[in-house]
Amino acid sequence: MTSDLFSVRGLWRALTPADRIVSLALLLGSIALGVAARPSGEPTAAVVTVGGEVVATLPLDRDSRVEVQGRLSPVTIEVSGHAVRVTESACPHRICVRMGPRRHSGEIIACVPNALVVRLTGGAPDAGVPDAVTG
Amino acid sequence: MRVRVPARPAAALALLVAIALPACDRAPTVESRTDFVMGTLAELKVVSDDPVTAREALDRAFARLREIEALTTSYAETSEPARLARANGAWVEGVSPEVDEILTLGLRIAAESDGAFDPTAGALVAAWGWPEDPALPDSATVAAAVATVGWRDVERAERAPGRIAWRLGRPGMKLDLGGVAKGWAVDRAADVLLGVSDHCIVNAGGDLVVRGHRPDGKAWLIGVQDPRDASRIFLKLRLPDGTAVATSGDYQRFFEVDGVRYHHLLDPRTGWPARDVHSATVIAPDCATADAWATAAFVLGAEAGIAALERQPGLEGLLVTYDAKGDLVSHETPGFARYRE
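Residue numbers (the working numbering), protein chains in the order written: chain A, 45 to 179; chain B, 3 to 343.
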């Protein structure tokens, strides 16, 4: 028996009805798994690092407030309405406070004097959110 | 050509391959890393289907940034600007290729901008206490610092191929390479990443260069921060392969005395903060050029800044001022619009 396995039609003809049912089920299952495994939607947490070390992980599904010790001063970080922001810092220029809230996956708030970074993790990057910011 | 194979096992094999393929899928993803370097937060992203190789490249790129920082900083006695200042007018031999290239570029842009950008303003920056401890200096202190500034009084000599010497010709003259070295370092870090991927972005505190494109095939999307509100993006740019952008603004580093705001972007010719513009964004083929010209255009002011950018091939710029009501007013070169999202 000869079969042209390099065409879809040839492959399909080589299968019995039972094979076809199993194949279709596996194919649909594979697609469903792929879709389910793909991250989607909003970020799930704000990860806070000081000098590269993780010092706090704040879930975004509930409001919270935490104070962490930066290199220079304590820094207060607040989660409210699925967004995170730095509300207090004794750094000289308070750029981190003026950055306001961040709510998209991959966005970061940085405080250079305190060596502090707040990064939103989980979820999928939003194609409309800039890959970088100049300013 | 037809292949003779038993149908049932072949079908099973084809099926297994079809199912296994998605698991082995190595679609390109963005590997990114952030770290503090050159007085700011740097974020590097590289598109790759090999995460291990990408991470190793990110390590090397950050190492290159730190290497350039150590050579060019004004705040370490071991740096080359410190060595040149200590020579007090004498020739300094064996200047590194990095500082040689950065200083050569900085002096070229100083000439093209008529001194609005000047890499010899180190003593002036120090008189204001930037960046660590800024304070309002008196007029005599500012005047004395301005007397040490002068890009025309810097000399270069090539003793032999690769053996470079420089001298700072005025007494008390000091370099401040901050306005060009960061951009140059960004370009070199991108060179490192290009060794493993055609697609990357290197961003050091808003001075950035893009190579290739995003994983979805679109050009990299860059936000420009609103000068009035750091939490907002006031426009988005689509930057094609091999494009850099940098922004100088008066809203990041400043202090106030008696209700007057003093920011860190000093006019090297007067010694005082430049007042006309609030933000200058420059697009260039490389980040070093974008970095230096963002400062130069800011200092020149809206009208002269746009005119100067228009004279430079390959540069586009957007300068922002406020009107009497406090609304943003944009001034831009004719070609800037093509980058707008």
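The C-beta atom is built at its ideal place from N, Cα and C for all residues, glycine as well.
Taking a beta-carbon distance threshold of 8 Å, P174 of chain A counts as an interface residue toward chain B. Approximately 6 Å separates the beta-carbon atoms of V226 of chain B and G179 of chain A; this is inside 8 Å, confirming the contact. Closest in C-alpha terms to R66 of chain B, from the list B:P136, B:S76, B:V194, comes B:V194. Here the alpha carbon of T245 of chain B sits roughly 13 Å from the alpha carbon of A176 of chain A. When 7 Å is used as the limit between beta carbons, P145 of chain A is near these residues of chain B: S233, in chain order. For L43 of chain B, the uninterrupted beta strand (DSSP E) segment begins and ends at 42-50. The DSSP-derived three-state label of D260 of chain B is coil.
In its chain, beyond the 5 residues on either side, K238, R240, E343 have a beta carbon closer than 7 Å to the beta carbon of L223 of chain B. Take R172 of chain B, set aside five residues on each side of it, and the residues of its chain with a beta-carbon closer than 7 Å to its own are T150, G152, D155, in chain order.
Relative to the Cα of L317 of chain B, the nearest Cα in the group B:I111, B:I285, B:H201, B:A294 belongs to B:I285. Interface with chain B (8 Å Cβ-Cβ cutoff): R53 of chain A is excluded.
Cβ atoms of P121 of chain B and D209 of chain B stay farther apart than 8 Å, at about 16 Å. For a Cβ distance threshold of 7 Å, nothing in chain B lies close to G166 of chain A: the least Cβ distance comes to about 15 Å. Interface flag for K327 of chain B against chain A is unset, since no Cβ pair is found closer than 8 Å.
For the segment 250-279 of chain B, the set of positions with a beta-carbon nearer than 7 Å to some beta-carbon of chain A reads G251, Q254, R255 in chain order. Out of B:D228, B:T272, B:H333, B:C202, the CA that lies nearest to the CA of L46 of chain B is found in B:C202.
About 15 Å separates the beta carbon of L160 of chain A from that of E151 of chain A, a gap too long to meet the 8 Å contact definition. Between F38 of chain B and V128 of chain A, the CB-CB gap reaches or exceeds 8 Å.
With three or more CB-CB distances shorter than 8 Å, the segment 130-139 of chain A counts as touching the segment 103-121 of chain A.
At a cut-off of 8 Å between C-beta atoms, T178 of chain A counts as an interface residue with respect to chain B. Per DSSP, the unbroken beta strand (DSSP E) holding A286 of chain B starts and ends at 281-286.
At a cut-off of 8 Å between beta-carbon atoms, W295 of chain B makes no contact with chain A. DSSP lists B:E45, B:L210 as the bridge partner or partners of N205 of chain B. In this structure, the alpha-carbon of V188 of chain B lies about 25 Å from that of E97 of chain A.
Taking each of B:V94, B:P136, B:A112, B:Y341 in turn and checking the Cα distance to R165 of chain B, the smallest one comes out for B:V94.
Cβ-Cβ separation between A298 of chain B and S76 of chain B: approximately 19 Å, too far for a contact (criterion under 8 Å). Going by C-alpha positions, P275 of chain B is about 29 Å away from A339 of chain B. In this structure, the CA atom of V331 of chain B is about 33 Å from the CA atom of I104 of chain B.
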